[in-house]
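Novice: Chains as they are written, first to last, in this note's numbering: chain A, 3 to 206; chain B, 3 to 206.
Every residue gets a Cβ at the ideal spot worked out from N, C-alpha and C, and that includes glycine.
Every value quoted in this text rests on a predicted model; they were computed, and no experiment measured them.
There are 2 protein chains.
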Amino acid sequence: MTIKLTYFDFNGGRGEPARLAMYIGGIEFEDDRIAMEIWPERKMGTPFHQLPVLEIDGKVLTQSNSINRYIGRTAMLYPDDPWQAALCDEAMDIMEDLTNIIVPTFFMEDENEKRAAREEMAKNAFPLYLGQLQNYLQERGNRYFADDRLTVADLKVFVMIRYFKSGLMDYVDVNLVDEVAPALVAHFERVNEHSQIKAYYDSH
Amino acid sequence: MTIKLTYFDFNGGRGEPARLAMYIGGIEFEDDRIAMEIWPERKMGTPFHQLPVLEIDGKVLTQSNSINRYIGRTAMLYPDDPWQAALCDEAMDIMEDLTNIIVPTFFMEDENEKRAAREEMAKNAFPLYLGQLQNYLQERGNRYFADDRLTVADLKVFVMIRYFKSGLMDYVDVNLVDEVAPALVAHFERVNEHSQIKAYYDSH
């Protein structure tokens, strides 16, 4: 089986959970990283003018959580039990909702508009989403989002919290998650200490 | 098992595919329909201030495609094969992307702004999404989106095309799908003729 994952050339975003899952699962794949400068010419060759795109023996799959689920199953990082699978799916879909809230601000050219939008999110959407996600984690034993073990849901949440804590989200306090959902920071740190996650970021 | 699905009181939108799947699968459930007038008071009681919400023996699941997948498995309308499951997921996620594009226009109070936004979508996003989805359908035998049989992906696409053809989307030509993706209209009509879908809408 030949696997290629095409995504932007940075360690985060919608393509990162599948990269991490394949690394943890020992699945070899072509890590096709697109520099932003060549994206305009590659864009029209993607089905929905979006990344990530997964290719399995030349067959194409789009949509980040569809990719995460397929890769998660292949890498043994997805629950077999239907209810646990649903909880794993839900956590990933919640992160997609949050991503959909944040992404439009990337394209705001007026800094005042961007600042206002991000400050509004920091007051409303972020505490709502992160606080409820923290509740879910705590209800499930405060370790993992599903199946009482590491799944692609944990990787997707980890990548999001890593972004919040990176200092790269202008106009949003780098300590926001510590304040509104400290259990998610503890979860982030636990996943970050996972031996294969550490090894991955040592080499990327 | 006690199942309750809470969604808005109309025959469409993000809650409709799960309603249809449960009807087809013969799964009894409480069809909790929220009138828009009482939504403000119910809203704060939902985990993310959104519908649909599924309750299974009191346990809560949010996120429409997570719900569709769980209900799809329960109703035997979801593929077992991992790749076919991925194609089913992808079609549902594409419909979610399209929904996320359309929904902000519902809340535009300025009619000129709404008109401009919808006309822009009719020229760009709708042909792109619907055209590519049509390609997928045709590549897979032109009958179903996954597993060569009716799955929750078909129900989700059906509900969307039904909306496009309803005449309820102001400033978008009711024949847009016929023009940009006629195979999706044929798919819509085929699903619409499914005996249980017909029976459902005869009684709803």
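(1) Between which residues of its own chain and isoleucine 103 of chain B is the CB-CB distance below 7 Å, once the five residues before and five after are set aside?
(2) Is serine 208 of chain A close to chain B? Criterion is C-beta to C-beta, closer than 8 Å.
(3) Quick one: grab the DSSP three-state call for threonine 153 of chain B.
(4) If we ignore side chains and look at the alpha-carbon of each, how far apart do arginine 21 of chain A and glutamate 43 of chain B end up?
(5) Within 10 Å of its beta-carbon, does histidine 206 of chain A have 16 or more other beta-carbons around it, so buried, or fewer, so exposed?
(6) Take alanine 88 of chain B as the anchor and find which of B:Arg71, B:Thr101, B:Met78 and B:Thr76 has the nearest alpha-carbon.
(7) Exposed or buried, which one is proline 184 of chain A when buried takes at least 16 other CB atoms within 10 Å?
(8) Going by DSSP, what residue range makes up the alpha helix (DSSP H) through leucine 135 of chain B?
(9) Might you give, ordered along the chain, the residues of its own chain that have their beta carbon closer than 6 Å to the beta carbon of glycine 169 of chain A, omitting 5 neighbours on each side?
(10) Would you call the stretch 8-24 of chain B in contact with the stretch 189-201 of chain A, where contact means no fewer than 3 C-beta pairs closer than 8 Å?
(11) Sorted by chain position, which residues of the same chain lie with C-beta nearer than 8 Å to aspartate 172 of chain A's C-beta, five sequence neighbours on each side aside?
(12) Under DSSP, the beta strand (DSSP E) around phenylalanine 10 of chain B begins and ends at which residues?
(13) Arginine 35 of chain A to glycine 60 of chain B, Cα distance in whole Å?
(14) Confirm, please, whether the CB-CB distance from serine 68 of chain B to aspartate 82 of chain A is below 8 Å.
(15) With burial defined as no fewer than 16 other Cβ atoms inside 10 Å of the residue's Cβ, what is the status of glutamine 136 of chain A: buried or exposed?
(16) Lysine 61 of chain A lies in the beta strand (DSSP E); which residues open and close that run?
(17) Between the alpha carbons of tyrosine 80 of chain B and glutamate 111 of chain B, how many angstroms are there, rounded?
(18) DSSP beta-bridge partners for histidine 32 of chain B?
(19) Who are valine 55 of chain A's beta bridge partners in DSSP?
(20) Locate the alpha helix (DSSP H) running through serine 197 of chain A, then write down its first and last residues.
(21) In this structure, how does DSSP classify leucine 186 of chain B when only helix, strand and coil are distinguished?
(22) Do the CB positions of leucine 186 of chain A and leucine 139 of chain A come within less than 8 Å of each other?
(23) For tryptophan 85 of chain B, is the beta carbon positioned less than 7 Å from some heavy atom of the ligand GTP?
(24) Can you say whether aspartate 204 of chain A is buried or exposed, counting buried as having 16 or more other CB atoms within 10 angstroms of its CB?
(25) Below 8 Å on the Cβ atoms is my contact criterion, and I expect leucine 157 of chain B with phenylalanine 166 of chain B to pass it. Report the Cβ-Cβ distance as a whole number of Å.
Specialist: Inspection of the coordinates gives the following:
(1) Met123 and Ala127
(2) Outside the displayed span of chain A (3 to 206) sits residue 208 of chain A, for which this structure offers no information.
(3) coil
(4) 42 Å
(5) exposed
(6) B:Arg71
(7) exposed
(8) 127-141
(9) Val176
(10) no
(11) Lys116, Arg117 and Arg120
(12) 5-10
(13) 44 Å
(14) no
(15) buried
(16) 61-64
(17) 39 Å
(18) First, the residue type needs correcting, since residue 32 of chain B is glutamate and not histidine in the sequence shown. In DSSP, glutamate 32 of chain B forms a bridge with B:Lys6.
(19) A:Thr8 and A:Thr64
(20) 197-204
(21) helix
(22) yes
(23) Absence of the ligand GTP from the depicted structure is noted, as is the absence of any ligand whatsoever, leaving it without description.
(24) exposed
(25) Going by Cβ atoms, the distance from leucine 157 of chain B to phenylalanine 166 of chain B rounds to 15 Å, so no, they are not a contact pair.
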